[in-house]
Each structure stands twice: as structure tokens, then as C-alpha cells.
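What follows is a single structure, written as C-alpha cells, with notes after it.
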Amino acid sequence: MTPAQGRRPLHLAAAVDQQTVYEADSYVALARLAERGRLDFVTLDDTLARPGPDALSVLARVAPATDRVGLVPTVTTTHTEPFHVQAAVEALDRVSRGRAGWRVEVSAGEREARLFGRRDPLPAADALCQEAGEVADAAARLWDSWEDDAEIRDVATGRFLDRDKLHHVDFTASASASASASASTSASASAFSAKGPSIVPRPPQGHPVRVVDATEGPARRTAARYADVALVRAVSPAQLAEVRAELHGHASAFGRKPDDLRVLASLVVDLGGGEYAAEPGHGGGGPRPTAQGPLYRGGPVDLAELIAAWYTDGTVDGFHLKPAEPLCDLERLVNGTVALLQHRGLFRTFYPGGTLREHLGLTRPASRYTVTGGAS
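What the sequence shown shows, in the UniProt record's numbering, is residues 1 to 376, in sequence order.
This is how it looks when you write it as C-alpha cells:
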């Protein structure tokens with residue numbers, strides 16, 4: 001079944017990770033290549049556990065050098081201030097004219113905690129994930145704290161904004177998250193609050209797209225409640241379908257429409273010379289499990305077949321592909337795999353709009369304060 005036959009469009013994204021590269025030009029080149037293939041977005045990983053460029057800063061540099069492709073940096077929430085996080089992500093959304101997302105990530109290592117010296121690592125993954133979800137919730141509330149028409153910019157009267165359209169958030173992390181954290185450190189060290197309003201106007205997308213890796217169990221409730229896009233590292237359609245059903249079940253329990261959550265299969269792809277067929281176990285048999293995640297090794301044609309098979313049977317909304325060799329594999333992906341999918345009518349040949357939410361078929365949320373007239 002193709003999009004023309006009524007199915008939701010296929011979504012494709014790619015990682016542009018280059019752990020030893022610090023020059024911005026290389027990331028610009030990869031993002032432009034992904035844009036040429038009309039990919040929904042590119043991701044740039046980041047972690048406190050190893051040296052490397054700051055993903056948010058790098059993609060802020062990429063933004064003016066690209067026009068349509070979405071930009072999704074990893075942002076670690078464990079040791080950062082939610083108020084600062086939301087302002088930084090808002091800035092990326094503004095400089096990219098509505099193409100920003102952020103991959104919400106946690107930090108559990110003792111070494112990373114020592115870098116900041118503010119708190120001990122939390123002992124339980126579910127506590128970390130709950131806290132990350134509450135950071136995402138606080139960020140959304142801060143973005144909503146400016147109504148869309150709060151800015152007046154009336155030179156004649158000297159009024160810049162309408163104060164009645166700025167709102168206090170008064171958000172405090174839940175007691176359950178604080179109690180989970182207190183097993184290793186004081187509750188006051190892990191709990192956070194945000195009063196608001198934000199110091200910057202509402203982002204162009206309202207809420208920049210939230211992406212969560214939902215592969216591991218503790219992250220699934222967070223993804224189902226807060227994410228727009230869930231990434232799942234799976235080696236088979238059956239495994240992916242099981243996780244997707246769980247995500248949809250949690251989303252319904254949280255009062256969300258399951259169809260508002262895009263579920264993407266995350267695969268490492270090694271396209272080699274771009275000519276040979278998939279190795280046994282990679283093509284029709286699916287990816288192989290590795291320490292880096294599910295790995296597909298083969299040619300662009302067989303990868304296109306795998307994507308088409310998983311997509312057309314309704315298992316997945318799309319794919320997040322991580323090239324083993326960034327430049328070579330991304331080029332083969334765009335010129336080979338994506339071109340074949342476009343030829344078959346399974347993937348777009350032009351962007352449907354200018355924002356990442358439009359690429360993903362997601363509506364722009366209204367400010368909760370405009371809708372309700374107060375905090376929710």
C-alpha cells in the first residue's frame with residue numbers, strides 16, 4: 001500500500017554522527033545531502049560520557065546552511081536546568097525557522113555526575129526516565145507561557161508585549177520522581193521547579209518535536225506520554241510490533257491519540273561498496289543484533305526492500321538510519337535506497353511544508369494558556 005492509497009506517509013531520518021569531527025562544514029555537508037533526499041530530519045548524538053562537539057551548537061550552525069531538513073540534537077536532561085534547555089531548543093527552532101526537534105536523553109553514569117558535582121547519579125532507570133519526561137513537560141509549559149500573539153511591537157505606543165498574554169508556569173517535579181531520586185541523594189538535589197514565564201517568545205512550531213529512544217522498557221512510558229517520535233532498535237518486525245503496541249497502549253492510558261506518536265525503527269546501516277547483496281541474515285531475514293544496535297549490512301536495493309516490507313505491512317511509521325560510514329553510506333542511502341523508494345511511490349519527492357512538524361504530519365499545538373485561560 002502506498003501513501004496515495006491512503007496510508008500515512010513513510011518517514012525517513014538519518015544520523016550525522018562523527019565522533020572525531022569538530023569542523024562544522026562536515027556536518028553541513030551531511031545535512032545538505034539528507035535534505036537532497038527529502039529526509040524528515042537528521043539527528044546528532046551527544047553525551048556527557050565522551051569528548052565531542054555540542055550537538056545543539058553544531059546544528060545551530062547547520063540551520064542557516066539548510067532550508068527544509070529537520071534538525072534534532074541529543075539533549076541530556078539529567079544534569080541540566082530545564083529552563084536553560086527549553087531556551088536553547090527554542091533558539092534552534094527560531095534560527096531554523098521551525099525545523100528543530102530534540103532527542104531527550106538521560107545520564108546514569110557516575111563519571112558524568114562528577115563532571116557537574118551537583119548530584120549523584122540516580123540508581124534506577126525508571127526514575128531517570130520519569131525525570132526526563134518531566135523536563136520535557138516543563139519545557140512545553142514554558143514554551144506555552146507566551147501566547148502566540150503576546151508580542152505587540154507597537155513603536156507608536158512603545159509597547160513591546162501584552163503582559164496579559166504572559167503566564168506563570170509554576171511547575172514542580174512530581175513527588176514520585178523526587179522520592180525515586182532520594183535513594184541516592186537528597187530529594188531537593190533532584191527535584192526541580194520552573195516558575196516562568198520563559199525569557200523568549202513561543203517557538204515557531206509551538207513545541208519543537210520531542211524524540212525519545214523507546215527501546216528499553218523504562219523509557220517507553222516517557223515516550224508514550226511526552227514524545228512525538230519514538231525510536232525503537234529492533235531486529236525483526238515482530239519485535240518492533242510488540243514495542244509499538246505497548247507504546248500505543250501507554251499513550252491511550254495517558255489520554256493521547258496513539259496515531260499522534262510516530263514510531264521509527266532505528267538501524268545501523270553498512271552499505272559497503274553499495275553493490276553487493278545483503279549478507280545472510282541482513283536482507284529478508286532482517287538486521288543482526290550488535291553492540292551498536294541492529295545492523296543491516298548489504299546494498300541499497302536490499303535495504304529499500306527491507307524498508308518497504310516493514311512499512312507496507314503496517315509495522316512501522318518509518319526508519320531512523322545510522323550510517324556506519326557517515327559520508328559514504330549516507331550518499332548511497334540517498335542516491336540508492338531513497339531514490340528507489342521514491343520511484344516506487346513510497347517516499348516523498350518534495351517537502352510538504354517548511355517545518356519539522358509538517359514533515360511528520362503533526363499539528364502545531366496551541367498554547368494551553370490560550371485554550372484554557374490558565375495553567376493546566
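Idealized CB from N, CA, C, for every residue including glycine. Please read all numbers here as calculations on a predicted model, not as lab measurements.
Per-residue burial, residue i [other beta carbons within 10 Å of its own, 16 or more giving buried]
i	result
V155	exposed
K195	exposed
G98	buried
G37	buried
D317	buried
A253	exposed
E131	buried
P208	buried
A136	buried
S186	Caution applies to S186, whose pLDDT of 34 falls short of 50 and renders its modelled position unreliable; the value that the coordinates give is listed next. Burial call: exposed.
T222	buried
Contacts around residue i, its chain only, beta-carbon distance under 6 angstroms, and the 5 residues preceding and following it disregarded
i	result
A227	R210, V212
A173	E134, A191, F192
T337	P300, L303, A304
E112	L48, A49
V293	Per the sequence presented here, residue 293 reads as Gly, with Val not at that position. Closer than 6 angstroms at Cβ, skipping near neighbours: R233, V268.
K165	E147, A150
S376	With a pLDDT of only 44 at S376, under 50, the local geometry of the prediction cannot be trusted, and the value read off the model is given with reservation. Cβ neighbours of S376 beyond the five flanking positions: R368.
P289	V235
A15	T43, K322
D270	R297, A324
CB-CB length for residue i against residue j, believed under 8 angstroms
i	j	result
L12	D40	6 angstroms
L30	L327	7 angstroms
T370	E147	5 angstroms
S96	A63	4 angstroms
Residues near residue i in its chain [Cβ-Cβ closer than 7 angstroms; skip 5 each side]
i	result
S26	Q18
L128	T78, V106, A108, L122
T349	R38, Q342
Beta-bridge partners of residue i, as assigned by DSSP
i	result
W146	L166
Y296	V269
P323	V269
residue 437	This structure gives no information on residue 437, because the portion of the chain shown stretches from 1 to 376.
E81	Bridge partners of E81: none, in fact.
V310	The sequence shown places Trp at residue 310, not Val. Answer by DSSP bridge pairing: none, since W310 is not bridged.
E331	Looking at the DSSP assignment, E331 forms no beta bridge with any residue, so it has no partner.
Close-in-space but distant-in-sequence residues of the same chain around residue i (CB under 8 angstroms, 5 per side omitted)
i	result
E331	L33
A88	L56, V75
G353	H359
*May I ask you to verify whether the segment 61-79 touches the segment 92-99, counting CB pairs closer than 8 angstroms and requiring at least 3?*
yes
*Do the segment 214-226 and the segment 246-257 meet, that is, are 3 or more Cβ pairs less than 8 angstroms apart?*
yes
*Evaluate the contact criterion for the segment 227-239 versus the segment 116-131: three or more CB pairs, one atom per stretch, below 8 angstroms.*
no
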